[in-house]
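Okay, so here's the structure we're looking at.
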Amino acid sequence: MLRLFTLLLAAAAVLSGCDKSVPFDSLIPKEELSLAKGFVTKIASRDYLAIESALDPALVTPDLYVRLDEMLKILPTDSPKSVRAVGSNTVTNSKSTSFNFTLEYEYPTAWVLAVVLLERRDGKLVLKGISFVPRSQSLETENQFTLDGKGLLHYVVLALAVVIPLFVLYTLVLCVRTKFAKRKWLWVLFVAVGLIQFHFNWTSGAWEIQPVSFMFLGAGFVKAGPVAPWVFTLAIPMGAILFLFRRQKLQRNAT
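Residue numbers 21 to 275, in the working numbering, belong to the letters of the sequence shown in order.
This is the structure we're talking about:
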């Protein structure tokens, strides 16, 4: 049993110490990304004919140029200081491949997010949509981990993210050291995980519940990308709680 406990701790160290995410930039299809940036540049330079020729024919309407003029008003007249891909999603099916890019443009006095949708079908790349969203700051700044301006709920989540794993580890050690015969290895596994996950977006404060789930040590945090918000995950340490209630009975049954 001590060997099993050692293996569990080793696994925890490996899982917490390894970066399981592949570098974000390496996942982005470079050719399609370059074309997406090019379409934004064409709108900025009022090359609407190029946009029309690349656009899905179903989206070419009589008011296309008027809509492009409205979009152009969102872009500052200055040249961007930097362009950064902050979101990329590729979906492939039997007939086509869709690309969804989110590009962040930094201007001297403003920020703009450009969302570009592309589709490759029968070897031809088609522009399926493009939109601009004005921003007052970068996503990296908005989603950075900070306690400034955070409420009581944020502090509670942060405290639980520390307390739950410590409580699980304490109970796990207690479980290993407690002498009882029946299904001890199942108890060790049960204590080591938390059930029912609660996901908390640190930036927005939004909650999401995943009822059918389990999590090793009952807490963790992750970012989906370099500028994505931190998401804390908490799980109820049901196994640890139940073991503490049942510990004395398990000991009595072992004698």
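The C-beta atom is built at its ideal place from N, Cα and C for all residues, glycine as well.
For residue i, three-class secondary structure by DSSP
i	result
residue 200	coil
residue 157	coil
residue 138	strand
residue 237	coil
residue 68	helix
residue 246	coil
residue 77	helix
residue 144	strand
residue 167	coil
residue 84	helix
residue 61	helix
Straight-line gap, residue i to residue j (C-alpha atoms, nearest Å)
i	j	result
residue 206	residue 140	50 angstroms
residue 269	residue 237	24 angstroms
residue 246	residue 157	15 angstroms
residue 115	residue 144	12 angstroms
residue 249	residue 163	5 angstroms
residue 170	residue 179	13 angstroms
residue 70	residue 177	50 angstroms
residue 129	residue 240	37 angstroms
residue 265	residue 56	59 angstroms
residue 272	residue 198	11 angstroms
residue 119	residue 136	8 angstroms
residue 209	residue 221	28 angstroms
residue 123	residue 105	4 angstroms
residue 219	residue 253	5 angstroms
residue 82	residue 64	20 angstroms
residue 225	residue 48	29 angstroms
Given residue i as reference, the closest of the options once Cα atoms are compared
i	options	result
residue 78	230, 244, 148, 128	148
residue 93	60, 146, 122, 226	60
residue 88	105, 98, 100, 62	62
residue 107	131, 90, 84, 159	159
residue 235	227, 73, 217	217
residue 138	110, 165, 126	110
residue 127	151, 112, 95, 117	95
Inter-residue CB distance, residue i and residue j (contact presumed, cutoff 8 angstroms)
i	j	result
residue 103	residue 133	The Cβ separation is near 11 angstroms, so there is no contact.
residue 192	residue 255	With a Cβ gap of about 14 angstroms, residue 192 and residue 255 do not count as contacting.
residue 232	residue 212	18 angstroms between Cβ atoms; not a contact.
residue 121	residue 53	6 angstroms
- request: Run through the region 173 to 220 for me and flag every whole alpha helix (DSSP H) of 4 or more residues, listed as ranges in chain order.
  value: Entirely contained in the region 173 to 220, the alpha helix (DSSP H) runs reaching 4 residues are, in chain order, 204 to 212.
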